[in-house]
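Student:
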Amino acid sequence: MIDLKLLTDDFEATAARLARKRVPRDLLVQARDLGEGRRQVTRQVDDARQEMNAGSQAVGRLMREGRREEADALKEGLADTRHRIDTLEVQRRQIEATLDEVAARIPNLPDDAVPDGASDEDNRLLRTHGYDPADYEGHTYEPHWEVAARLGIYDGERAAKLSGGMFSLLRGGGARLLRGLVDYALDLHRDRYLEIAPPHAVRSEVITRTGHLTKFESQAYKLRDDDLWLIPTGEVPLMGMHQGEILPETDLPLRYMAYTVCWRREAGAAGKDTRGLQRLHEFHKVELAELCRPEDSESELAALLADCERSLQGLGLPYRVVELCAGDLTFSASKVFDLEVYSPGVDKWLEVSSVSSVTDFQARRGAIRYRKDGGGTALVHSLNGSGLATPRVWAAIIEHGQQPDGTVRLPPALVPYVGIEILTG
RNA sequence: GGAGGGAUGGCAGAGCGGCCGAAUGCGAGGCUCUUGAAAAGCCUUCAGGGGAGACCCUGCGUGGGUUCGAAUCCCACUCCCUCCGCCA
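Here the first sequence is numbered in our numbering, starting from 4 and rising by one per residue.
1. Can you grab the Cα-Cα spacing for the pair C328 / D254, in whole Å?
2. May I ask you to report which of helix, strand or coil DSSP gives E104?
3. Can you tell which of P419, G378, E312 has its C-alpha closest to the C-alpha of V434?
4. What's the gap between the Cα of L417 and the Cα of G183?
5. To which residues of the same chain is R374 closer than 8 Å at the C-beta, ignoring the five residues directly before and after it?
6. Spell out a yes or no on whether the region 301-321 and the region 187-205 are touching, meaning 3 or more CB-CB pairs, one atom from each, closer than 8 Å.
7. Residues in its own chain within less than 7 Å of T131 by CB, not counting five upstream and five downstream?
8. Quick one: any contact between the region 204-217 and the region 231-249, if contact means 3 or more CB pairs under 8 Å?
9. Please go through the same chain and pick out, in chain order, the residues whose beta-carbon is closer than 8 Å to the beta-carbon of I109, but skip the five residues on each side of it.
10. For G428 versus G176, is the C-beta distance shorter than 8 Å?
11. Considering only their Cβ atoms, is the gap separating R23 from D138 smaller than 8 Å?
12. Quick check: the Cα distance between L154 and R161, rounded to an integer number of angstroms?
13. My assumption, with CB atoms under 8 Å, is that V150 sits in contact with E402. Please give the rounded CB distance.
14. Taking the beta strand (DSSP E) that I249 falls in, what are its first and last residues?
15. To the nearest angstrom, report how far apart V15 and L65 are at their CA atoms.
16. Could you give the DSSP three-state label for Y429: helix, strand or coil?
17. At what residue ranges does the region 303-359 contain a whole run of the beta strand (DSSP E), taking only runs of 3 or more?
18. At the level of alpha carbons, what is the spacing between L197 and H284?
19. Quick check on DSSP: helix, strand or coil for I109?
20. With a threshold of 7 Å (Cβ to nearest heavy atom), would R258 be considered close to the ligand PLP?
21. Would you tell me roughly how many angstroms separate the C-alpha atoms of L294 and S356, rounded to the nearest one?
22. With a threshold of 16 other CB atoms inside 10 Å of the CB of A57, please say whether the residue is buried or exposed.
23. Tell me the DSSP secondary structure of F286 in three-state form.
24. Within its chain, find whatever has a CB closer than 8 Å to the CB of R268; leave out the 5 residues flanking it on each side and keep chain order.
25. Looking at R41 and Q98, is the spacing between their C-beta atoms short of 8 Å?
26. Can the beta-carbon of Y157 be found less than 8 Å from the beta-carbon of L173?
27. Mark G369 as exposed unless 16 or more other C-beta atoms lie within 10 angstroms of its C-beta, in which case mark it buried.
28. To the nearest angstrom, how far is it from the Cα of L91 to the Cα of V44?
29. In this structure, how does DSSP classify V264 when only helix, strand and coil are distinguished?
30. Does DSSP classify N387 as helix, strand or coil?
If you want it as structure tokens, here you go:
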């Protein structure tokens with residue numbers, strides 16, 4: 004949720020900033036007017052309440068003094084005030100319900116430094132690391148699902164038999180590679196991030212307040228008999244942990260990492276990049292997430308990006324860093340860097356990490372604040388990025404490591420974790 | 001799953017119809033004293049909203065209800081603790 008005060012205090016500038024995210028102006032006008040309406044009704048409620056409180060106190064005084072009849076008379080008069088309060092409260096609730104719905108459709112403000120643009124075509128390529136097209140000339144690369152199926156380390160058909168499309172089943176060295184990748188990532192980042200092993204199912208309230216469950220979109224799976232949702236990313240429990248808390252400033256920044264399974268319904272994604280392990284309903288990921296002071300979020304974002312890049316660098320995978328343009332930013336994000344690994348098997352760049360700053364957008368809905376040293380409280384900023392999303396990185400390792408004899412050579416950094424140098428099936 | 005007990009400010013913990021946003025202690029901040037520190041003393045210290053301000057409104061797990069008036073009484077829910085059962 005954005006700060007609605009921005010709409011009352013500086014409407015034009017705010018509308019201009021949001022226009023870069025294609026937010027219609029009339030939605031903002033509606034939100035501003037509802038906010039103003041709420042303020043007015045609230046003031047009326049407050050006044051009526053004050054009257055009520057004063058009256059009630061007077062009743063108490065009269066009773067104590069034994070002036071029963073006067074007290075009864077005053078009580079009768081107060082019934083009117085009571086009705087007025089009730090009526091105004093109903094009004095206020097209606098306004099608030101509408102306002103909540105309208106406000107829920109307003110995305111976060113894009114950072115001013117983010118490039119203009121409407122779609123991914125306008126994203127800005129910042130740099131490429133470890134990629135030289137010449138490396139791939141004269142070689143043929145099979146897609147990972149073909150290499151892996153032949154080696155017997157991936158069985159897509161049985162995965163489908165068990166669970167349907169977009170699920171994976173890894174065997175032998177393939178399963179070990181997955182486990183090794185997770186351990187590799189957790190070890191790599193433990194110098195800066197506290198490892199958390201969180202629950203994988205969370206309450207409606209928690210997932211809603213992280214912004215991963217809205218009326219318009221639900222990627223998450225719901226448990227039938229309980230008010231619980233399977234997490235679509237480790238970010239949900241990591242950011243949910245501190246909801247409603249006021250943190251000491253000295254605790255910030257709080258940097259966490261968690262290895263979790265992630266479940267996503269991927270509604271509407273059928274048939275799109277779904278071969279092999281490109282897009283799954285269930286996958287494994289090491290997520291990095293943090294809370295920090297607003298003044299630190301820019302430098303923390305840079306550091307977080309560097310950390311996520313380290314994961315790929317250590318594996319020797321060629322990747323590029325893309326800064327998303329305003330129009331391509333996700334709803335909550337203020338600034339996003341995507342990390343894309345080159346996949347020689349399909350000759351495409353595949354997104355393996357999305358490193359985001361959501362400023363105070365998530366903290367406002369989650370009520371995550373900190374107590375400032377100078378006094379007072381303020382909302383924290385939150386950031387997150389994939390430390391290592393296993394399916395696509397797994398796939399990239401298979402494609403890059405394929406050798407003429409059909410086996411796959413693993414990156415040296417993984418050998419201690421997987422226990423072998425070459426996957427032979 | 002069954003039976004009890006509980007949920008109050010940063011923490012501990014009183015309060016059990018009006019004088020309670022709330023005693024007391026700890027913690028934190030400021031001041032006095034001191035060469036400095038400690039100790040001692042004095043003061044301040046929950047959050048959100050409205051108002052130029054005086055000040056006002058809201059919040060005692062959450063949601064309803066009773067009442068002129070609810071932290072306090074009633075109902076439902078959530079969570080925590082103890083015991084029993086089951087169990088990786």
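Note that beta-carbon positions come from the ideal geometry of N, C-alpha and C, so glycine has one too.
In this text the structure is predicted, and so the values were computed from the model without any measurement.
Tutor: Taking the definition as stated:
1. Distance between the alpha carbons of C328 and D254 is about 33 Å.
2. Here E104 sits in helix by DSSP.
3. Lying before the first or after the last residue shown, residue 434 is absent from the chain, which here runs from 4 to 428.
4. Their Cα atoms are separated by approximately 7 Å.
5. Taking C-beta separations shorter than 8 Å and ignoring five residues to either side along the sequence, the partners of R374 in its chain run I249, L250, P251, E252, T380, following chain order.
6. Between the region 301-321 and the region 187-205, the count of C-beta pairs closer than 8 Å reaches three or more; the two stretches touch.
7. Closer than 7 Å at the Cβ level, and outside the excluded window around T131, lie R323.
8. Touching, yes, given that three or more Cβ pairs across the two stretches are closer than 8 Å.
9. The residues are M4, I5, L21, V26, L30, L31, A34.
10. Contact flag set, yes.
11. With respect to R23, D138 sits apart: the two C-beta atoms are not nearer than 8 Å.
12. Cα-Cα distance, rounded: 15 Å.
13. With a Cβ gap of about 7 Å, V150 and E402 count as contacting.
14. Its beta strand (DSSP E) spans residues 249-251.
15. The sequence shown places Glu at residue 15, rather than the Val named in the question. Whole-angstrom Cα-Cα distance: 55 Å.
16. Residue numbering for the chain in the displayed model covers 4 to 428; residue 429 lies beyond these limits and cannot be assessed.
17. Listed in chain order, they are 322-326, 338-346.
18. Distance from the CA atom of L197 to the CA atom of H284, rounded to whole angstroms, is 27 Å.
19. Looking at I109 - three-state DSSP - the assignment turns out to be coil, as it is neither helix nor strand.
20. For the structure depicted, the ligand PLP is absent and the ligand set is empty, with no information on it obtainable.
21. Annotation: L294 to S356 spans about 19 Å, alpha carbon to alpha carbon.
22. Burial call: exposed.
23. In the three-state reduction of the DSSP assignment, F286 falls in the strand class, which pools E and B.
24. Closer than 8 Å at the Cβ level, and outside the excluded window around R268, lie S221, Q222, A223, Y224, H284.
25. Per the sequence presented here, residue 98 reads as Ile, with Gln not at that position. A distance below 8 Å separates the beta carbons of I98 and R41.
26. In this structure, Y157 places its C-beta atom within 8 Å of the C-beta atom of L173.
27. Its Cβ being crowded by 16 or more others within 10 Å, G369 is buried.
28. Spanning the two alpha carbons is a distance of roughly 7 Å.
29. Strand, per DSSP.
30. Of the three classes helix, strand and coil, the one that applies to N387 here is strand, per DSSP.
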